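*Asks:*
2 protein chains.
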Amino acid sequence: MSNQSVNPRTGEKFGPVFAATTPQAMDSLIAQSVSAYKVWSHVKAAERGKILLALAQAIDDRLQDLVDIADLETGLGKVRLTGEVGRTTFQIRSFSNALERGEFVTPSLDEAVDAAVPQGHPKFLRTTRGIGPVAIFGASNFPFAFSTLGGDTASALAAGCSVVIKAHPAHPQTAQLTFDIAKKALQEAGAPEGLISLGHGFEFGKLVITDPRISAGAFTGSRAGGRALFDLAQSREYPIPFYGELGSVNPVVAVESALTDPAAFAGAYLDSLLMGNGQFCTNPSVLFVPAGSIVVNEISKQIAQRDLAPFLSEATKNLHDSNRAKVIASTKAEIYEGKAPSGAGFFSAPMVLVVKASDVTREISGITEECFGPTGVVVTYGHHGEVVELLSKMEGALASSLFASASDSSAPTLIEALASMSGRVAFNAWPTGVAVTAGQHHGGPYPASTSSLHTSVGTQAINRFLRPVTFQGLPDEIYSALQSTTTKEK
Amino acid sequence: MSNQSVNPRTGEKFGPVFAATTPQAMDSLIAQSVSAYKVWSHVKAAERGKILLALAQAIDDRLQDLVDIADLETGLGKVRLTGEVGRTTFQIRSFSNALERGEFVTPSLDEAVDAAVPQGHPKFLRTTRGIGPVAIFGASNFPFAFSTLGGDTASALAAGCSVVIKAHPAHPQTAQLTFDIAKKALQEAGAPEGLISLGHGFEFGKLVITDPRISAGAFTGSRAGGRALFDLAQSREYPIPFYGELGSVNPVVAVESALTDPAAFAGAYLDSLLMGNGQFCTNPSVLFVPAGSIVVNEISKQIAQRDLAPFLSEATKNLHDSNRAKVIASTKAEIYEGKAPSGAGFFSAPMVLVVKASDVTREISGITEECFGPTGVVVTYGHHGEVVELLSKMEGALASSLFASASDSSAPTLIEALASMSGRVAFNAWPTGVAVTAGQHHGGPYPASTSSLHTSVGTQAINRFLRPVTFQGLPDEIYSALQSTTTKEK
Numbered sequence: 001m002s003n004q005s006v007n008p009r010t011g012e013k014f015g016p017v018f019a020a021t022t023p024q025a026m027d028s029l030i031a032q033s034v035s036a037y038k039v040w041s042h043v044k045a046a047e048r049g050k051i052l053l054a055l056a057q058a059i060d061d062r063l064q065d066l067v068d069i070a071d072l073e074t075g076l077g078k079v080r081l082t083g084e085v086g087r088t089t090f091q092i093r094s095f096s097n098a099l100e101r102g103e104f105v106t107p108s109l110d111e112a113v114d115a116a117v118p119q120g121h122p123k124f125l126r127t128t129r130g131i132g133p134v135a136i137f138g139a140s141n142f143p144f145a146f147s148t149l150g151g152d153t154a155s156a157l158a159a160g161c162s163v164v165i166k167a168h169p170a171h172p173q174t175a176q177l178t179f180d181i182a183k184k185a186l187q188e189a190g191a192p193e194g195l196i197s198l199g200h201g202f203e204f205g206k207l208v209i210t211d212p213r214i215s216a217g218a219f220t221g222s223r224a225g226g227r228a229l230f231d232l233a234q235s236r237e238y239p240i241p242f243y244g245e246l247g248s249v250n251p252v253v254a255v256e257s258a259l260t261d262p263a264a265f266a267g268a269y270l271d272s273l274l275m276g277n278g279q280f281c282t283n284p285s286v287l288f289v290p291a292g293s294i295v296v297n298e299i300s301k302q303i304a305q306r307d308l309a310p311f312l313s314e315a316t317k318n319l320h321d322s323n324r325a326k327v328i329a330s331t332k333a334e335i336y337e338g339k340a341p342s343g344a345g346f347f348s349a350p351m352v353l354v355v356k357a358s359d360v361t362r363e364i365s366g367i368t369e370e371c372f373g374p375t376g377v378v379v380t381y382g383h384h385g386e387v388v389e390l391l392s393k394m395e396g397a398l399a400s401s402l403f404a405s406a407s408d409s410s411a412p413t414l415i416e417a418l419a420s421m422s423g424r425v426a427f428n429a430w431p432t433g434v435a436v437t438a439g440q441h442h443g444g445p446y447p448a449s450t451s452s453l454h455t456s457v458g459t460q461a462i463n464r465f466l467r468p469v470t471f472q473g474l475p476d477e478i479y480s481a482l483q484s485t486t487t488k489e490k
Numbered sequence: 001m002s003n004q005s006v007n008p009r010t011g012e013k014f015g016p017v018f019a020a021t022t023p024q025a026m027d028s029l030i031a032q033s034v035s036a037y038k039v040w041s042h043v044k045a046a047e048r049g050k051i052l053l054a055l056a057q058a059i060d061d062r063l064q065d066l067v068d069i070a071d072l073e074t075g076l077g078k079v080r081l082t083g084e085v086g087r088t089t090f091q092i093r094s095f096s097n098a099l100e101r102g103e104f105v106t107p108s109l110d111e112a113v114d115a116a117v118p119q120g121h122p123k124f125l126r127t128t129r130g131i132g133p134v135a136i137f138g139a140s141n142f143p144f145a146f147s148t149l150g151g152d153t154a155s156a157l158a159a160g161c162s163v164v165i166k167a168h169p170a171h172p173q174t175a176q177l178t179f180d181i182a183k184k185a186l187q188e189a190g191a192p193e194g195l196i197s198l199g200h201g202f203e204f205g206k207l208v209i210t211d212p213r214i215s216a217g218a219f220t221g222s223r224a225g226g227r228a229l230f231d232l233a234q235s236r237e238y239p240i241p242f243y244g245e246l247g248s249v250n251p252v253v254a255v256e257s258a259l260t261d262p263a264a265f266a267g268a269y270l271d272s273l274l275m276g277n278g279q280f281c282t283n284p285s286v287l288f289v290p291a292g293s294i295v296v297n298e299i300s301k302q303i304a305q306r307d308l309a310p311f312l313s314e315a316t317k318n319l320h321d322s323n324r325a326k327v328i329a330s331t332k333a334e335i336y337e338g339k340a341p342s343g344a345g346f347f348s349a350p351m352v353l354v355v356k357a358s359d360v361t362r363e364i365s366g367i368t369e370e371c372f373g374p375t376g377v378v379v380t381y382g383h384h385g386e387v388v389e390l391l392s393k394m395e396g397a398l399a400s401s402l403f404a405s406a407s408d409s410s411a412p413t414l415i416e417a418l419a420s421m422s423g424r425v426a427f428n429a430w431p432t433g434v435a436v437t438a439g440q441h442h443g444g445p446y447p448a449s450t451s452s453l454h455t456s457v458g459t460q461a462i463n464r465f466l467r468p469v470t471f472q473g474l475p476d477e478i479y480s481a482l483q484s485t486t487t488k489e490k
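Sequence lines, in order, name chains E and R.
Under the UniProt record's numbering, read the first sequence as residues 1 to 490, first letter to last.
Under the UniProt record's numbering, read the second sequence as residues 1 to 490, first letter to last.
This is the structure:
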């Protein structure tokens, strides 16, 4: 099996053919990764931080080349992709800064207590170390921020792990170019050989996640693919943590008090819904609005004016179209469509399905099937109780939103209903747009995440790859010697 | 299926027969647990802490009754069991104090940054909440500290979770009495009905861990049983975190500089090895000593004087005996035995197997098979490189030790070799004895733990059951209203 880039705007193949990485090649990549981990995990955190800075700079220096090839492969547009590269290097620098400040990696000292059992205890020094070589699966929808050098790679490298990356087949050239730039930058900055490696092909991914030398996995993508990898990771003789983001149907609730400007609200909704052709894990998949609200009319009018954007790949379009057909078949929806596609390329008309809350209460699949693309479901409700009930029946979500005036008496109840099924609740803001910051939480109950306790965005993401080791009663001089001995190996 | 207590000192059954909890009864326990969770997870942390204090006091008040029945069921002895009750209530109070201080549960505020994208971001309030109802499996070897009200239950309750406990069949009366005391105390302290529940039977455990209303599981026990439950938890439609401690072969390394008093060292080794009849997850399973050390002679002499102690159950004895037979068959060991059992009850002679490092390098099973009981393997080594190599081949361990003088030049290398395969490295201390404190880490690479990132002992254990939820741009007044609204539900 081999793969080649496809221009989603035209459907045409272009550029080099990437042969699937062979099992032999994979074996040697992982062997190198293990060696690199042994060195890297003992490099002082501040030094790792400096090397990450050099990495970020090398990517920024090649911004235009990266954006150009990614635009051809993904059709996401140069404006968005330029922003995404910036986000990617900002992310790497955030981890670098956190390491510089000693966050996450400073040992915590629990001094000896000389008292009666069980209160008495010896001195404990609680440290953390990189868990080991990590398998990272590039995502289709973020060719930079969740791919080769995305948040998973940045946080794993910051933690002291080496990484083995599987390129996403929808943008192999972008993956390869990013990797080549990164490899050179890491080498020049003094990182160990083999700290990052890249492979191509479906079989490669399966072999990597089941390799006993791999200590963790991170994935952003489809529910079917992610679950298959999760199952492989958990059924190993030695199971490993697998941080998967498998899709999310994100609810947005608007109450009357927020809908003072229906036209503007409808426009903002469509902006969020159609951002990146709707291929966002934080897409506002289901919008709850009061029955009879003029917002629905506004949406139905405005969607007709929206431009078409290509899907990331034919596979993405086909999955979207088939899921949308299922939703249409299972609901009694009023359907509003945008412009219809014409000619070549991977396009589908944007669509909003308007359903009644009482109808989806009977047949929930209309609001549980993820249509990863330019499709939104608008649920009209009679009273807030209907919304709370439907939210309690939905699957776990990454993000959710409430639009309400700050003094609206229904706000606490609705916020709580959203918090009980999602990892982030935005107030008077759309769920798309995930800031890279310490307070971020990008992870929710399954299937949003395979581990709802962890975030994949923001500096806390490093905790996914840090294994604690506590030293009991260890003299300071040995701990210091331990540090310098192991750093010398480098 | 039903079960009845067995006195391990005599092999005789006694006391009431506990019927297996039926699927119908389980269904209603879990329904109650869900209701209790909804209330409890919103009770203010300090209030939860107060209720935990009342719980600890109620247990302390019944110390003697608890110790008496546990001693009959487990044969662990009243001195040890008295200490274990103290440890258990200390553990509950530790979580209470942590909640009182606001640890783990105080939201962290990430103020808005009004700057250029991607650095700019809205205000984030990162909170945590109990993940949901938790299934907890009582352990055979700690009838208090890792059972009904052990560390798993204490940390889950502290986190705001309800718990559904499966009693261990080796001490059903202890489990039931502890539960009855706890239920009454919780009720009197104002906790919601159904916050804790208890069931009996193997099938009950399987049904609970696969019930879609259960959000996490915690287990301490055998590798086979723990892995089976882990597999059930991971293969659910909605997988859940499963924190299993599945057994650990803990290495202890002694270098020449530490062996200035061989007789005392041998005595301390046997104390640790035979504590609780060797039925400790932190048992010093494999001791590395320099070839030709007089310590081996001391061990061989002293083991003959050691008293017999009963196994926790016939099943534990049988598993131990069969694993020990495997180790004997697979190694060319010199064997030193303690007193032989006579008469009824579940006893086996304590035993130390002495093998050469070069022999176990060829056939590793001698140091990878856990003999959960009074059996130790002593490996004699020619040089430290042999020890490092063998450690790199061993499975993950909970704990490890190095005995060396603080100035021994080999210490850093050996400490690092131990740290790379275990969760806690003790210096000049035996691995048994796990302090309940903030710096503790009781968790290691699989099979020591199914999640090496988490500890099951010490206050950090609460993190296993806390799910983050970030509120973005939420006005303070709504957050406050959210708190008080939801607490009022109680």
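Built from N, CA and C at the ideal position, the CB exists for glycine as well.
What you are looking at is a predicted structure, and each value in this text was computed from that prediction instead of being measured.
State the DSSP-derived secondary structure class of E:Y243, mapped to helix, strand or coil.
*Replies:* In the structure shown, E:Y243 sits in a strand (DSSP, three-state: E or B).
*Asks:* Closest to E:V327 by C-alpha separation, out of E:Q305, E:F372, E:V295, E:T316, would be which residue?
*Replies:* Considering only alpha carbons, the answer is E:F372.
*Asks:* Return the residues of the stretch 440-455 of chain R that lie within a Cβ-Cβ distance of less than 8 Å from chain E, sorted by chain order.
*Replies:* The residues in question are Q440, H441, G443, P445, Y446, P447, T450, S451, S452, L453, T455.
*Asks:* Is it right to say R:E389 is buried, meaning 16 or more other beta carbons lie within 10 angstroms of its own, or is it exposed?
*Replies:* It is exposed - the Cβ of R:E389 has fewer than 16 other Cβ atoms within 10 Å.
*Asks:* Examine chain E for any beta-carbon lying closer than 9 Å to the beta-carbon of R:K356, and answer yes or no.
*Replies:* Closer than 9 Å: no.
*Asks:* With a threshold of 8 Å (Cβ to nearest heavy atom), would R:A461 be considered close to the ligand MG?
*Replies:* Summarising the ligand content, the structure contains no ligands, and the ligand MG is consequently not present.
*Asks:* Per DSSP, what kind of secondary structure is E:I196 in: helix, strand or coil?
*Replies:* In this structure, E:I196 counts as strand in the three-state DSSP scheme.
*Asks:* Beta-carbon of R:I478 versus every beta-carbon of chain E: anything under 9 Å?
*Replies:* For R:I478, the answer is yes, since a Cβ of chain E falls inside 9 Å of its Cβ.
*Asks:* Are the Cβ atoms of R:R30 and R:P172 separated by less than 9 Å?
*Replies:* The sequence as given places Ile at residue 30 of chain R; Arg does not occur at that position. No.
*Asks:* Within the stretch 286-331 of chain E, note down every full beta strand (DSSP E) run reaching 3 residues or more, in order along the chain.
*Replies:* 286-290, all fully within the stretch 286-331 of chain E.
*Asks:* For R:Y238 and chain E, any beta-carbon pair shorter than 9 Å?
*Replies:* Yes - at least one Cβ of chain E is within 9 Å of the one on R:Y238.
*Asks:* Just to confirm, is the Cβ distance from residue 492 of chain E to E:P169 under 9 Å?
*Replies:* Residue 492 of chain E falls outside the range modelled here, since chain E spans only 1 to 490, and no answer is possible.
*Asks:* Between the Cα of R:S140 and those of R:G276, R:S420, R:I367, R:S452, spot the shortest distance and give me the residue it belongs to.
*Replies:* When each option's Cα is compared against that of R:S140, the closest is R:G276.
*Asks:* Beta-carbon of R:P251 versus every beta-carbon of chain E: anything under 9 Å?
*Replies:* Not closer than 9 Å to any Cβ of chain E, the Cβ of R:P251 fails to qualify, so no.
*Asks:* Per DSSP, what kind of secondary structure is R:H454 in: helix, strand or coil?
*Replies:* Three-state DSSP puts R:H454 in coil, outside helix and strand.
*Asks:* Kindly give me the distance between the Cβ atoms of R:L66 and R:A185, rounded to whole angstroms, as I take these residues to be in contact under 8 Å.
*Replies:* Incorrect: roughly 13 Å between the Cβ atoms, too far for contact.
*Asks:* Can you list the residues of chain E that R:F142 reaches, using a CB-CB cut of under 8 Å?
*Replies:* Under the 8 Å cutoff, chain E gives no residues; its nearest Cβ is about 13 Å from R:F142.
*Asks:* Does residue 493 of chain R get closer than 9 Å to chain E when you measure Cβ to Cβ?
*Replies:* Because chain R in this structure spans residues 1 to 490, residue 493 of chain R falls outside the shown range and cannot be described.
*Asks:* The alpha helix (DSSP H) spanning R:M351 covers which residue range?
*Replies:* From DSSP, R:M351 is part of no alpha helix (DSSP H) but of the beta strand (DSSP E) over 351-356.
*Asks:* Which residues of chain E have a Cβ atom closer than 8 Å to the Cβ of R:I415, listed in chain order?
*Replies:* Simply F471, L474, I478, L482.
*Asks:* Are there three or more Cβ pairs, one per stretch, closer than 8 Å when the stretch 258-276 of chain R is compared with the stretch 292-306 of chain R?
*Replies:* Short answer: they touch.
*Asks:* Is it buried or exposed for E:D245, if we count other Cβ within 10 angstroms and need 16 for buried?
*Replies:* Per the sequence shown, residue 245 of chain E should be read as Glu rather than Asp. Per the 10 Å Cβ criterion, buried.
*Asks:* Closest Cβ-Cβ distance between E:V79 and chain R: below 9 Å?
*Replies:* No, because no Cβ of chain R sits closer than 9 Å to the Cβ of E:V79.
*Asks:* At a CB-CB cut-off below 9 Å, which residues of chain E make contact with R:G423?
*Replies:* Result: R467, P468, V469, T470.
*Asks:* For a contact meaning CB atoms closer than 9 Å, what does E:L125 contact in chain R?
*Replies:* Per Cβ cutoff of 9 Å: G439.
*Asks:* Just to confirm my understanding: we take E:L466, look at its own chain, exclude 5 residues before and 5 after, and list those with CB closer than 6 Å. What are they?
*Replies:* So the qualifying residues of the chain are T128, A159.
*Asks:* For R:F146, I'd like the list of residues in its chain whose CB is within less than 6 Å of its CB, leaving aside the five on either flank, ordered along the chain.
*Replies:* Closer than 6 Å at the Cβ level, and outside the excluded window around R:F146, lie A139, T220.
*Asks:* Can you list, in chain order, the residues of the stretch 97-113 of chain E whose Cβ is nearer than 8 Å to any Cβ on chain R?
*Replies:* Listed by position, the residues of the stretch 97-113 of chain E near chain R (Cβ gap below 8 Å) are S108, L109, D110, V113.
*Asks:* For E:P284 and E:G376, which I take to be in contact (beta-carbon distance under 8 Å), what is that distance rounded to the nearest angstrom?
*Replies:* That belief holds up - the Cβ atoms of E:P284 and E:G376 are roughly 7 Å apart, short of 8 Å.
*Asks:* Where does R:F471 land, buried or exposed, given buried means 16+ other C-beta within 10 angstroms?
*Replies:* Answer is buried; the Cβ neighbour count reaches 16.
*Asks:* List the endpoints of the continuous beta strand (DSSP E) containing E:G205.
*Replies:* Run containing E:G205: none in the beta strand (DSSP E); it sits in the alpha helix (DSSP H), 202-210.
*Asks:* Count the other CB atoms within 10 Å of the CB of R:Q234; is the residue buried (16 or more) or exposed (fewer)?
*Replies:* It is buried - the Cβ of R:Q234 has at least 16 other Cβ atoms within 10 Å.
*Asks:* Work out the CA separation of R:S2 and R:G194 for me, nearest whole Å.
*Replies:* Roughly 23 Å between the two C-alpha positions.
*Asks:* Within 10 Å of its beta-carbon, does E:K393 have 16 or more other beta-carbons around it, so buried, or fewer, so exposed?
*Replies:* Exposed.
*Asks:* Can you pull out the residues from the stretch 187-220 of chain R whose beta carbon lies closer than 7 Å to at least one beta carbon of chain E?
*Replies:* Answer in chain order: no residues at all.
*Asks:* Assign R:Q4 to one of two classes, buried (16 or more other C-beta atoms within 10 Å of its C-beta) or exposed (fewer than that).
*Replies:* Answer is exposed; the Cβ neighbour count stays below 16.
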